[in-house]
Amino acid sequence: AQSVSQHNHHVILSEAASLELGCNYSYGGTVNLFWYVQYPGQHLQLLLKYFSGDPLVKGIKGFEAEFIKSKFSFNLRKPSVQWSDTAEYFCAVNVNSGGYQKVTFGTGTKLQVIP
Amino acid sequence: DVKVTQSSRYLVKRTGEKVFLECVQDMDHENMFWYRQDPGLGLRLIYFSYDVKMKEKGDIPEGYSVSREKKERFSLILESASTNQTSMYLCASSPGRRGFRNTEAFFGQGTRLTVV
């Protein structure tokens, strides 16, 4: 079965610092990759997604992620974080399992940005 | 905009009660999912459905069942609620037939269930 690992559980940064959140998955076949964000008190929203093509994908609010197939990784980056980026971030993998789509999530990373 | 609506934001139920969590989507999506979200564990898939009256077990189906009588509605049922089922429950939907790739899931706002 596929799995998703997020190594950072809680990250604290000052405003304007750069951000990189790690995500590794275990699945040998074709995958779709996602980063979701959950702001305090709000529902889960899609930040960015990778289906195919350019492995560097750009999402909303200045976020980007790079798919490195050889490393089974899809790390999230942002050059300069803002206080409003305080949220929980989830990496997710969608695979075709037995003919069905199955989306597996990582355990999440809580980001706290200090003004 | 895709809308996934969960019937309750907060629920408090007693141990042993039968609990129904309802989810409705308005975009004619084939696929619907139920997850539970717990601190430090991320989102774990309970059940999913790729068509009306079809259901598949996810990673943690024990203690739960589901019903999909209409395409737009997917219900999660706790047959006899227990305290370890206290959690945030998230419903999601996505387009595409069985096996279709390159789609994203859209989530509801969640139902925080407390079992006392």
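Listed in order, the protein sequences are those of chains X and H.
The opening position of the first sequence corresponds to residue -4 in our numbering, with each subsequent residue numbered one higher.
The opening position of the second sequence corresponds to residue -15 in our numbering, with each subsequent residue numbered one higher.
Built from N, CA and C at the ideal position, the CB exists for glycine as well.
Source: prediction; values computed, not measured.
Which residue's Cα is closest to the Cα of L28(X): T102(X), L106(X), V90(X)?
The residue labelled residue 28(X) in the question sits at position 33 within the first sequence. Of T102(X), L106(X), V90(X), the residue nearest in Cα terms is V90(X).
For the beta strand (DSSP E) that contains V108(X), what are its first and last residues?
Mapped onto the first sequence, residue 108(X) falls at position 113. Start and end: 104 to 109.
Go through its chain and collect everything with a Cβ distance to Y45(X)'s Cβ below 6 Å, but skip five positions before and after it.
Numbered from 1 along the first sequence, position 50 holds the residue referred to as residue 45(X). Cβ neighbours of Y45(X) beyond the five flanking positions: L28, V52, F62.
Within-8 Å CB hit, K44(X) to chain H:
Residue numbering aside, residue 44(X) sits at position 49 when the first sequence is read from its first letter. It does: the Cβ of K44(X) has a partner Cβ on chain H nearer than 8 Å.
Considering only residues of the stretch 34 to 106 of chain X, which uninterrupted beta strand (DSSP E) runs meet the minimum length of 3 residues and lie entirely inside it, listed in chain order?
40 to 45, 51 to 53, 59 to 63, 68 to 73, 82 to 92, 95 to 100
Give the residues from the stretch 25 to 56 of chain H that approach chain X closer than 9 Å (Cβ to any Cβ), ordered along the chain.
For the stretch 25 to 56 of chain H, the set of positions with a beta-carbon nearer than 9 Å to some beta-carbon of chain X reads L25, G26, L27, R28, L29, F32, Y34, E40, G42, D43 in chain order.
Grouping DSSP H, G and I as helix and E and B as strand, with all else coil, what is N3(X)?
Numbered from its first residue, the first sequence carries residue 3(X) at position 8. Correct three-state label for N3(X): coil.
Give the interface partners of A89(H) over in chain X, defined as CB-CB distance under 7 Å, in chain order.
Working through the second sequence from its first residue, we reach residue 89(H) at position 105. The contacting residues are V98.
If you reduce the DSSP assignment to three classes, tell me which class T(-1)(H) lands in.
Along the second sequence, one-based indexing puts residue -1(H) at 15. In the structure shown, T(-1)(H) sits in coil (DSSP, three-state: anything other than H, G, I, E or B).
Taking the C-alpha atoms as reference points, what is the distance between A60(X) and K73(X)?
Position 65 of the first sequence holds residue 60(X). Position 78 of the first sequence holds residue 73(X). Looking at the two C-alpha atoms, the distance is approximately 9 Å.
For a contact defined as C-beta to C-beta under 9 Å, what are the partners of F62(X) on chain H?
Residue numbering aside, residue 62(X) sits at position 67 when the first sequence is read from its first letter. Ordered by position in chain H, no residue passes the 9 Å Cβ test against F62(X), which lies about 14 Å from the chain.
At what residue ranges does the stretch 19 to 71 of chain H contain a whole run of the beta strand (DSSP E), taking only runs of 3 or more?
26 to 33, 48 to 54, 57 to 62
I'd like to know whether the C-beta of F67(X) is nearer than 8 Å to at least one C-beta of chain H.
Residue 67(X) sits at position 72 when you count from the first residue of the first sequence. Closer than 8 Å: no.
For G94(H), which residues in chain X fall below 7 Å Cβ to Cβ?
The sequence position of residue 94(H) within the second sequence is 110, counting from 1. Correct list: H38.
Kindly list the residues whose CB is nearer than 8 Å to the CB of I44(H), restricted to its own chain and excluding five residues on each side of it in sequence; keep chain order.
Residue mapping note: residue 44(H) aligns to position 60 of the second sequence, counting from 1. The residues are R20, R28, L29, I30.
How big is the Cα-Cα spacing for Y31(X) and S47(X)?
The residue given as residue 31(X) occupies position 36 in the first sequence. The residue given as residue 47(X) occupies position 52 in the first sequence. Each residue's CA atom was taken as its position, placing Y31(X) and S47(X) some 18 Å apart.
Judging by CA-CA distance, which residue of F91(H), M16(H), T70(H), F90(H) is the nearest neighbour of V36(H)?
Walking along the second sequence from the start, residue 36(H) turns up at place 52. Checked all of F91(H), M16(H), T70(H), F90(H); the closest Cα to V36(H) is M16(H).
With respect to the beta strand (DSSP E) encompassing Q93(H), which residues constitute its N-terminal and C-terminal limits?
Position 109 of the second sequence holds residue 93(H). Where Q93(H) is concerned, there is no enclosing beta strand (DSSP E), given that its DSSP letter is neither H nor E.
Determine the chain X residues that contact L74(H) at a beta-carbon separation under 9 Å, and present them in chain order.
Counting from one through the second sequence, the residue named residue 74(H) turns up at place 90. Result: H38, L39.
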